[in-house]
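Engineer: I have a structure I would like to understand better, so I am pasting it below and will then ask my questions one at a time.
Numbering (our numbering), first residue to last: 154 to 698.
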């Protein structure tokens with residue numbers, strides 16, 4: 154019998170050998186073996202090719218559940234939720250580290266790099282235990298030997314996911330839920346979730362700050378053999394400028410994604426292999442980095458993260474940078490241990506209500522993602538018309554008026570001179586308006602497109618975040634008679650997920666309100682500029698020459 158899979162998310166093929174699949178479609182798998190995250194199969198239209206393994210769920214009618222010794226059923230095999238190449242999550246249950254770096258325009262060299270090999274990936278499940286005291290799986294409690302034995306016993310009675318590559322497993326969510334996470338959590342590392350008016354939310358940063366990014370400068374090294382762009386960053390809480398290259402942003406991004414499995418770390422602007430020093434690319438990258446930095450500094454958790462603070466405040470001291478870099482790369486509060494840092498409200502959440510909110514948000518993000526594509530396509534097409542079409546048409550009208558004025562000049566009558574000049578000026582006005590249209594998109598349409606790109610990155614992060622929460626919820630449902638600590642740990646994951654969703658909505662409302670206001674102000678100013686030009690031309694016909 155052919156192996157079938159149900160599609161969880163839409164995928165549109167972009168390269169030869171790939172096939173498009175749609176949500177809820179049944180596809181036939183040629184093999185269950187993954188090829189670097191891809192499966193080969195046939196869609197319902199008879200097209201054969203590759204598609205992401207994380208976008209489908211294999212249907213296993215013969216092993217829908219796995220019953221353990223105490224009669225508690227573990228959930229069905231889960232597939233990974235979609236993840237872009239930019240987002241990888243945490244340490245796996247085997248202690249291995251998944252490379253989350255987006256790569257870099259330049260290879261890491263001796264500039265702020267540690268030449269010695271890393272001593273190991275961040276401590277995850279199955280890695281070497283810490284050499285100092287550990288906490289229990291629940292923040293704020295000191296564990297006894299009996300408690301550890303109880304945790305080990307409880308983890309043995311709760312079934313594990315059959316798919317060891319699912320996001321729930323790789324993020325450390327499963328290990329935490331089963332009570333297998335252990336690390337020493339300092340007070341400064343604790344992350345508080347509070348109950349707000351609209352549900353759980355991250356506790357506000359008592360010392361908010363912003364960070365400016367200056368125009369980059371081109372730098373060289375190795376006697377001019379290698380060039381790179383350096384960005385000047387000035388955070389308001391220090392007012393001291395530090396210089397960073399894109400590869401430093403890239404390194405920071407990788408560390409943050411690894412550290413925070415249920416927080417949407419904004420994606421960095423895209424890279425390109427050629428033209429890195431062209432003015433248009435440099436300007437676009439800087440705008441993207443400004444948006445990225447604004448989202449980082451406004452996030453209550455990310456903004457006060459020690460690795461981010463090190464990135465913003467460590468100056469030219471190479472030794473200090475390397476020490477901070479090593480510390481971040483050996484951080485053990487990643488994966489399952491991240492959840493140990495979270496403190497939640499005293500009253501636990503209602504799991505049915507949590508599930509309802511998560512499903513509602515899943516529907517919202519899908520619809521938002523679809524419509525951001527529509528808006529982006531529409532405004533890009535409109536911008537293209539303004540830059541090329543509108544400019545050309547207005548200039549054609551202007552040139553026709555100027556030709557008419559030249560024809561009128563053949564009449565040597567003195568009373569015709571004023572009219573001739575007015576018509577010629579009208580032609581010049583139309584040519585100028587054509588230039589206005591060509592320049593305008595970078596003031597009002599391009600910023601919207603930049604914002605939509607940033608939010609499409611956020612939207613691509615949330616399927617993984619939701620998958621972690623749903624994985625925890627599924628285990629609690631399937632093992633509802635287990636001890637209360639399983640529910641408490643699920644509550645921690647749920648609180649963190651809902652807090653991140655709440656932050657996303659608040660930031661979204663702030664950003665889109667501000668950007669639409671900016672857009673309309675620019676449009677008003679644009680048409681006022683056109684009106685003023687036309688009124689000036691009109692005045693020429695009233696002059697007495």
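From the three backbone atoms N, C-alpha and C, an ideal C-beta is built for every residue, glycine too. Predicted, not measured: the structure shown is a model, and the values here were computed from it.
(1) Identify which residue in 182, 181, 180, 321 has its Cα closest to the Cα of residue 150.
(2) Within the continuous alpha helix (DSSP H) that includes residue 667, where are the two ends?
(3) Should the stretch 320-337 be called in touch with the stretch 489-509, which here means at least 3 C-beta pairs below 8 Å?
(4) By DSSP, does residue 196 sit in helix, in strand, or in coil?
(5) Quick one, are the C-beta atoms of residue 448 and residue 660 less than 8 Å apart?
(6) Considering residue 354, what are the terminal residues of the beta strand (DSSP E) in which it resides?
(7) Counting only the same chain and skipping the five closest in sequence on each side, list residues whose C-beta sits under 7 Å from that of residue 386.
(8) Comparing alpha-carbon positions, which option in 434, 324, 496 lies nearest residue 411?
(9) So residue 559 is in the alpha helix (DSSP H); what residue range does that whole segment cover?
(10) I believe residue 185 touches residue 655 by the beta-carbon criterion, under 8 Å. Please report the beta-carbon distance rounded to the nearest angstrom.
(11) Between residue 632 and residue 502, how many whole angstroms is the CB-CB distance? I'm expecting something under 8 Å.
(12) Rounded to whole angstroms, what's the CA-CA distance from residue 156 to residue 206? Just pull it up for me.
(13) How close, in whole Å, do the beta carbons of residue 161 and residue 642 come, if the pair is a contact with beta carbons under 8 Å?
(14) By a C-beta neighbour count over all protein chains shown, 10 Å radius and 16 as the cutoff for buried, is residue 327 buried or exposed?
(15) According to the Cβ coordinates, are residue 583 and residue 551 closer than 8 Å?
(16) Measuring CB to CB, does residue 197 end up less than 8 Å from residue 178?
(17) I'd like to confirm the pairing. Which residues does DSSP put opposite residue 179 in its beta bridges?
(18) I'd like to know whether the C-beta atoms of residue 532 and residue 598 end up nearer to each other than 8 Å.
(19) Can you find the residues in the same chain that come closer than 7 Å, C-beta to C-beta, to residue 446, ignoring five residues on each side of it along the sequence?
(20) Pull up the distance between the alpha-carbon of residue 246 and that of residue 414, whole angstroms please.
(21) Classify residue 616 as helix, strand or coil using the three-state DSSP reduction.
(22) Within the same chain, show all residues whose beta-carbon is closer than 6 Å to that of residue 651, passing over the 5 residues directly before and after it, in chain order.
(23) What's the gap between the Cα of residue 629 and the Cα of residue 443?
(24) Roughly how many whole angstroms lie between the Cα atoms of residue 209 and residue 439?
(25) To the nearest angstrom, report how far apart residue 188 and residue 589 are at their CA atoms.
(26) Out of curiosity, what's the CA-to-CA distance linking residue 418 and residue 174?
(27) Taking residue 158 as the reference, give the member of 594, 213, 164 with the closest Cα.
(28) Mind checking which residues open and close the alpha helix (DSSP H) that includes residue 477?
(29) To the nearest angstrom, how far is the alpha carbon of residue 580 from that of residue 682?
(30) Residue 694 to residue 556, Cα distance in whole Å?
(31) Taking the Cβ atom as the reference point for each residue, do residue 203 and residue 171 lie within a distance shorter than 8 Å?
(32) Taking the alpha carbon of residue 453 as the reference point, which residue from 356, 684, 343 has its own alpha carbon closest?
(33) Closer than 8 Å by C-beta to residue 554: which residues in its own chain qualify, once you throw out the five before and the five after it? Chain order, please.
Structural biologist: On the basis of the supplied data:
(1) In the structure as shown, the chain begins at 154 and stops at 698. Residue 150 is therefore absent and cannot be evaluated.
(2) Locating residue 667 in the chain shown gives position 514, where the first residue counts as 1. 637-693 is the span of the alpha helix (DSSP H), which, as asked, contains residue 667.
(3) yes
(4) Numbered from its first residue, the chain shown carries residue 196 at position 43. Correct three-state label for residue 196: coil.
(5) As a working mapping, residue 448 is identified with position 295 in the chain shown. As a working mapping, residue 660 is identified with position 507 in the chain shown. Against a cut-off of 8 Å, the Cβ pair of residue 660 and residue 448 comes out as a contact.
(6) Mapped onto the chain shown, residue 354 falls at position 201. Where residue 354 is concerned, the enclosing beta strand (DSSP E) stretches over 352-355.
(7) For the purposes of this step, residue 386 is taken as residue 233 along the chain shown, with counting starting at 1. Closer than 7 Å at the Cβ level, and outside the excluded window around residue 386, lie 364, 366, 394, 395, 397, 465.
(8) On the chain shown, residue 411 is found 258 positions in, with the first residue counted as 1. When each option's Cα is compared against that of residue 411, the closest is 324.
(9) Taking the chain shown and counting its residues from 1, the one referred to as residue 559 is at position 406. 544-561 is the extent of the alpha helix (DSSP H) around residue 559.
(10) To locate residue 185, count along the chain shown from 1; it is residue 32. To locate residue 655, count along the chain shown from 1; it is residue 502. Contact flag wrong, Cβ pair sits at about 39 Å.
(11) As a first step, residue 632 must be located in the chain shown, where it is residue number 479. As a first step, residue 502 must be located in the chain shown, where it is residue number 349. Residue 632 to residue 502, Cβ: 18 Å. No contact.
(12) On the chain shown, position 3 is the one that residue 156 refers to. On the chain shown, position 53 is the one that residue 206 refers to. The straight-line gap from Cα to Cα measures roughly 14 Å.
(13) Looking up residue 161 in the chain shown gives position 8. Looking up residue 642 in the chain shown gives position 489. The pair is not a contact, with the Cβ atoms about 25 Å apart (cut-off 8 Å).
(14) Within the chain shown, numbered from 1, the residue matching residue 327 stands at position 174. Under this definition residue 327 is a buried residue.
(15) For this step, residue 583 is matched to residue 430 along the chain shown. For this step, residue 551 is matched to residue 398 along the chain shown. At a Cβ-Cβ threshold of 8 Å, residue 583 and residue 551 count as neighbours.
(16) For this step, residue 197 is matched to residue 44 along the chain shown. For this step, residue 178 is matched to residue 25 along the chain shown. Taking 8 Å as the Cβ cut-off, residue 197 and residue 178 qualify as a contacting pair.
(17) Within the chain shown, numbered from 1, the residue matching residue 179 stands at position 26. For residue 179, the pairing in a beta bridge is given by DSSP as 159.
(18) Here residue 532 refers to the residue found at position 379 when the chain shown is read from its first residue. Here residue 598 refers to the residue found at position 445 when the chain shown is read from its first residue. The criterion of a C-beta distance shorter than 8 Å is satisfied by residue 532 and residue 598.
(19) As a first step, residue 446 must be located in the chain shown, where it is residue number 293. Same-chain partners within the cutoff: 364, 366.
(20) By 1-based counting over the chain shown, the position of residue 246 is 93. By 1-based counting over the chain shown, the position of residue 414 is 261. Confidence at residue 246 is low in this model, with a pLDDT of 36, below 50, so its placement is unreliable and no value can be given for it.
(21) On the chain shown, position 463 is the one that residue 616 refers to. Looking at residue 616 - three-state DSSP - the assignment turns out to be helix.
(22) Taking the chain shown and counting its residues from 1, the one referred to as residue 651 is at position 498. Cβ within range, chain order: 352, 353.
(23) Stepping through the chain shown from its first residue, residue 629 is reached at position 476. Stepping through the chain shown from its first residue, residue 443 is reached at position 290. Distance between the alpha carbons of residue 629 and residue 443: 41 Å.
(24) Taking the first residue of the chain shown as position 1, residue 209 is located at position 56. Taking the first residue of the chain shown as position 1, residue 439 is located at position 286. Their backbone Cα atoms lie some 37 Å apart in a straight line.
(25) For the purposes of this step, residue 188 is identified with residue 35 of the chain shown, where counting begins at 1. For the purposes of this step, residue 589 is identified with residue 436 of the chain shown, where counting begins at 1. Distance between the alpha carbons of residue 188 and residue 589: 51 Å.
(26) Taking the chain shown and counting its residues from 1, one reaches residue 418 at position 265. Taking the chain shown and counting its residues from 1, one reaches residue 174 at position 21. About 27 Å.
(27) For the purposes of this step, residue 158 is taken as residue 5 along the chain shown, with counting starting at 1. Among 594, 213, 164, the Cα nearest to that of residue 158 belongs to 213.
(28) Working through the chain shown from its first residue, we reach residue 477 at position 324. 471-482 is the span of the alpha helix (DSSP H), which, as asked, contains residue 477.
(29) For this step, residue 580 is matched to residue 427 along the chain shown. For this step, residue 682 is matched to residue 529 along the chain shown. One C-alpha to the other measures close to 16 Å.
(30) Locating residue 694 in the chain shown gives position 541, counting from the first residue. Locating residue 556 in the chain shown gives position 403, counting from the first residue. Computed Cα separation, rounded: 17 Å.
(31) Within the chain shown, numbered from 1, the residue matching residue 203 stands at position 50. Within the chain shown, numbered from 1, the residue matching residue 171 stands at position 18. Yes, the pair counts as a contact, with Cβ atoms nearer than the cut-off.
(32) In the chain shown, counting from the first residue as 1, residue 453 sits at position 300. Cα-wise, what sits closest to residue 453 is 356.
(33) On the chain shown, position 401 is the one that residue 554 refers to. Only 576, 577, 579, 580, 583 meet the Cβ criterion.
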